[in-house]
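So the structure is just underneath, and the comments pick up after that.
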Amino acid sequence: MSQESSHQRPSFGRETALRGPFVFFFVAALVWLLATSALGLIAALKLWMPSFLNCEWLTYGRVTVAQKNLFIYGWATNALLAVNLWLLARLTSFEFRNGWIAVFGGLVWNATLIYGVQQIFAGFLNGFSLLEMPREVGPVLAIAFLLAGFWPVVAFARRPSGHTFAAQWYVVGASFLFPIFYLIAQLLVLWCPASGVVQALVASWFVQNLLQLWLAASALGIAYYFIPKVLERPLAGYYLATVGFWTFFLFAGWTAPATLLGSPIPVWIQSVGVVAMVMSIVPIIITAINFHGTFAQNGGWANAWNSTSLRWVALGTISFTFVGLLRAIFYTRGYSAIVRFTEFYQGLDYLLVYGFVTMVIFGAAYFILPRVTGALWPSVKLIHVHFWSVTLALIVSTLVSLYGGYQTGLDLSKGAPQMIGGGKAHVLTAAAFLLGHAAFALNALGLIFRGLTSAENRQHD
Amino acid sequence: MKNLNLFLIGLFAAVAFPFGALIVSSQVQLGALGRAPAEEGGPLFPPREPGLAIQGRAVYLQLGCVACHTQQVRPAGIGSDIARGWGARPSVARDYVLQSQVLIGDHRFGPDLANVGARLTEAQLHEHLRAPSSVVAGSAMPAYEYLYQPKANGWAPTDRAVALVAYLKSLRQDYASPEAKLKQ
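Just so you know, the sequences run in chain order A and B.
Letter 10 of the first sequence, counting from 1, is numbered 0 in the working numbering, and no numbers are missing.
Letter 140 of the second sequence, counting from 1, is numbered 547 in the working numbering, and no numbers are missing.
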């Protein structure tokens, strides 16, 4: 693997103003990545050996809820806030002068997250996925997000030139919409609960928006920036990107009822959800043309493989296409009857938030961190450990979840007893994820430390 | 894409339309549902939860049971819930109208609990909570021993265990509903 980005001489300039906020958000993200990885290993061990750490504050229910919340709101959101800040400066020539506001928002966000997770372990949790933290957490997180994550919209409004790029659309769209659907979901699930099962519909609407319109949209913005940037060529079929963008945002919000097939909600709403899920294949095809079409030209795949940063982005875009196709197929009625409530759908969600979003974030980090800090990656070996451990773990855990979930669904439909399969495999993959994340965190923290000390030295000089 | 206001309006509409069509319309359709008798003049269902069951619901939430158990029976033809004996009829929206926080769940490592109150006795539930593998060999459920205290000739449930079992006993959809009749 060539170390073009890891050993390239870092550049300075606009990044200097971003250094503080970027480093703050990324260090916070790294801490949460390690915490969520450790909790993921504990959760896998508890599923494999139910008596492991069997005490009330570490029930499987609490550990897995804390792990998921830390992954989404701790790791992914902090990292995306950091990368989005950097992207907006790159794409709009925005002079970022009020970094303290973003850092203050980040401090509030992370302090609130610590409180929310502590409350989960104390037993004060709600019953809806990714809305489990106590209700007082929601409004504070929304305000903190506005302070920390609304800058792409500001930068878009103040951009000096009229021209815009696909990467900007996705980042601005994600940053603009997250506080809206987050607050609505908090209101209708926790503060003024909707009637009966409508709560479940609101919760699933929120989860689909969170996964697609915040996490996946931000990651798409990153992919739209880095692929042409690193390959130094225009995107294939770029004229289709506008259609891809609007169809992605248009269909995402309608897909939620497809995750509730068979639940006691009106059948016509379930049908709408299935149609939207199948229609979501349109933006998947368009992004596949844009990304994979570009990689397919003039040895693009080989170049991506040889680039420390772009290989992550390439793998992420493959995951995105794969998960989009699987969602369009397996959220239809026939397959949902088999795989719903099994590991299968969790595997698909994980493939989206890890296989796509997290892989793309890793790629962005390998590109941006040396440029922002002005330092080089301390260890190439740790880069290799990171890549191979998490890539292999992702492939194995995805196969186990998808195949195991489908097989479990088939067995259950034939009257077999409820069993949990793949316990050992999940423990091994969770350990591999932890190893890879520890290698990445060690390397990144070393690089940041080097960068900060060399910046101090430059100041003294 | 160049006009920020139009761009943001478009984005907002992309979220607002599905919200209105899916959630507001569901609230309009289901929001007025209340308790109803299966037959004219009969008792109203779903029954009100006893106070102890409400306390037990809090324990259910605190322990994170919803991570492994659902509370919804899918119709025949969509999954095997009814064939497995998890309910005599599919769950309907009316079953949940009295619940302040609906815990239908989205994952099953264990069986569905929508009708667990009709399937198991109090003693069976206590035994299952205290030592699951003694009831189901190889059960993946951990033992909730901390909800029980040892006594001279066995175990005594704590107040929380009593409340949790009262809640689980209250989980039953074994009554006919205007929307779903019981299978004969």
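Glycine included, C-beta positions come from ideal geometry on N, C-alpha and C.
Coarse secondary structure for residue i, derived from DSSP in three states
i                 : result
Phe452 (chain B)  : strand
Trp76 (chain A)   : helix
Lys404 (chain A)  : coil
Arg579 (chain B)  : coil
His(-3) (chain A) : Residue confidence for His(-3) (chain A) is low, a pLDDT of 44 falling below 50, so the modelled location carries little weight and cannot support an answer.
Ser379 (chain A)  : helix
Lys588 (chain B)  : coil
Pro360 (chain A)  : helix
Ala568 (chain B)  : helix
Tyr503 (chain B)  : helix
Met(-9) (chain A) : Per-residue confidence for Met(-9) (chain A) stands at a pLDDT of 47, beneath the threshold of 50, marking its modelled position as unreliable; the derived number appears in the next sentence. The answer is coil: DSSP assigns Met(-9) (chain A) none of H, G, I, E or B.
Phe2 (chain A)    : Because the pLDDT of Phe2 (chain A) is 44, which lies under 50, any placement of that residue in the model is unreliable, and the number read from its coordinates should be weighed accordingly. Coil at Phe2 (chain A), not helix or strand.
Gly117 (chain A)  : coil
Ala242 (chain A)  : helix
Gly152 (chain A)  : coil
Glu198 (chain A)  : Glu is not the amino acid found at residue 198 (chain A); the sequence shown has Gln there. DSSP places Gln198 (chain A) in helix when its eight states are reduced to three.
Gln592 (chain B)  : Beyond the ends of chain B as shown, which are 408 and 591, falls residue 592 (chain B); an answer cannot be given.
Val551 (chain B)  : In the sequence on display, residue 551 (chain B) carries Tyr and not Val. Coil at Tyr551 (chain B), not helix or strand.
Ala423 (chain B)  : helix
Pro142 (chain A)  : helix
Val523 (chain B)  : helix
Closest Cα partner of residue i within the set the options
i                : options                                : result
Gly252 (chain A) : B:Gly484, B:Ala474, B:Gly448           : B:Gly484
Thr348 (chain A) : A:Val380, A:His416, A:Phe334, A:Ile358 : A:Val380
Asn44 (chain A)  : B:Ala538, B:Asn522, B:Ala421           : B:Ala538
Phe239 (chain A) : A:Val257, A:Trp258, A:Leu205           : A:Leu205
Pro457 (chain B) : B:Val480, B:Ser577, B:Pro557, B:Ala550 : B:Ser577
Thr54 (chain A)  : B:Ser432, B:Leu510, B:His514, B:Val422 : B:His514
Ala443 (chain B) : B:Met548, B:Leu505, B:Ala460           : B:Leu505
Ala583 (chain B) : B:Gln469, B:Ala495, B:Ala547, B:Ile489 : B:Ala495
Val130 (chain A) : A:Ile91, A:Asn280, A:Gly106, A:Gln260  : A:Gly106
Trp367 (chain A) : A:Arg440, A:Leu48, A:Ile319, A:Thr332  : A:Arg440
Ala207 (chain A) : A:His282, A:Thr67, A:Thr398, A:Gly30   : A:Thr67
Ala406 (chain A) : B:Glu586, B:Gly517, B:Asp581, B:Ile430 : B:Gly517
Ser119 (chain A) : B:Leu429, B:Leu554, B:Gln508           : B:Gln508
Gly113 (chain A) : A:Thr82, A:Pro150, A:Thr49             : A:Thr49
Asn116 (chain A) : B:Phe414, B:Cys472, B:Ala530           : B:Cys472
Phe94 (chain A)  : A:Phe135, A:Phe84, A:Gly64, A:Leu78    : A:Phe135
Ala25 (chain A)  : A:Asp401, A:Gly436, A:Ala132, A:Ala420 : A:Ala420
Leu532 (chain B) : B:Leu437, B:Asn412, B:Val569           : B:Val569
Ile351 (chain A) : A:Val303, A:Phe86, A:Met269, A:Ala226  : A:Val303
Environment of residue i [buried if 16+ CB atoms lie within 10 Å]
i                : result
His153 (chain A) : exposed
Pro450 (chain B) : exposed
Trp493 (chain B) : buried
Phe2 (chain A)   : Model confidence at Phe2 (chain A) stands at a pLDDT of 44, short of 50, so the residue's coordinates are unreliable and nothing is read from them.
Phe483 (chain A) : Nothing can be reported for residue 483 (chain A), as the shown portion of chain A is limited to -9 through 451.
Arg148 (chain A) : exposed
Ile385 (chain A) : exposed
Glu122 (chain A) : buried
Val220 (chain A) : buried
Tyr229 (chain A) : exposed
Ala434 (chain A) : buried
Ile358 (chain A) : buried
Arg419 (chain B) : Correcting the residue type first, residue 419 (chain B) is Phe in the shown sequence and not Arg. With fewer than 16 Cβ atoms within 10 Å of its Cβ, Phe419 (chain B) is classed as exposed.
Asn59 (chain A)  : buried
Gly96 (chain A)  : buried
Val233 (chain A) : exposed
Asn522 (chain B) : buried
Supposed contact pair residue j and residue i - C-beta distance, whole angstroms, cut 8 Å
i                : j                : result
Gln434 (chain B) : Ser194 (chain A) : Rounded, the Cβ-Cβ distance is 15 Å, inconsistent with contact.
Val187 (chain A) : Ala175 (chain A) : So it is not a contact: roughly 15 Å between Cβ atoms.
Leu8 (chain A)   : Trp76 (chain A)  : 6 Å
Trp38 (chain A)  : Lys414 (chain A) : 6 Å
Thr277 (chain A) : Phe310 (chain A) : 7 Å
Val161 (chain A) : Gly211 (chain A) : 4 Å
Tyr555 (chain B) : Pro564 (chain B) : 6 Å
Ala132 (chain A) : Tyr215 (chain A) : Rounded, the Cβ-Cβ distance is 27 Å, inconsistent with contact.
Contact with chain E by residue i, beta-carbon distance below 7 Å
i                : result
Gln508 (chain B) : Within the model displayed, chain E is absent; protein chains A and B are what it includes.
Any non-hydrogen atom of the ligand GDP within 6 Å of residue i CB
i                : result
Pro450 (chain B) : The ligand GDP is absent from the structure shown, which contains no ligand whatsoever.
| request: Select from the stretch 510 to 525 of chain B all residues with a C-beta closer than 8 Å to any C-beta belonging to chain A, and list them in chain order. | output: Leu510, Ile511, Gly512, Asp513, His514, Arg515, Phe516, Gly517, Pro518
| task | Check each residue of the stretch 274 to 301 of chain A: if its Cβ is closer than 9 Å to any Cβ of chain B, include it; give the result in chain order. | result | none
| field | Residues in the stretch 30 to 44 of chain A having any Cβ partner in chain B nearer than 8 Å | value | Lys36, Leu37, Pro40, Ser41, Asn44
| Which of the residues in the stretch 159 to 188 of chain A, read from start to end, lie with their CB under 9 Å from any CB of chain B? | Trp159, Val162, Gly163, Phe166, Leu167, Ile170, Phe171, Ile174, Leu178, Val179, Leu180, Pro183, Ala184, Ser185, Gly186, Val187, Val188
| field | Residues of the stretch 45 to 65 of chain A whose Cβ lies closer than 9 Å to any Cβ of chain B, in chain order | value | Cys45, Glu46, Thr49, Tyr50, Gly51, Arg52, Val53, Thr54, Val55
| message | Along the stretch 227 to 241 of chain A, where does the CB come closer than 8 Å to a CB of chain B? Name the residues. | response | Thr232, Trp236, Phe239, Leu240
| Residues in the stretch 459 to 481 of chain B with C-beta within 8 Å of chain A's C-beta atoms, listed in sequence order? | Leu468, Gln469, Leu470, Gly471, Cys472, Val473, Ala474, Cys475, Thr477, Gln479, Arg481
| field | Positions along the stretch 242 to 257 of chain A whose CB lies within less than 8 Å of some CB in chain B | value | Ala242, Gly243, Trp244, Ala246, Pro247, Thr249, Leu251, Gly252, Ser253, Pro254, Ile255, Pro256
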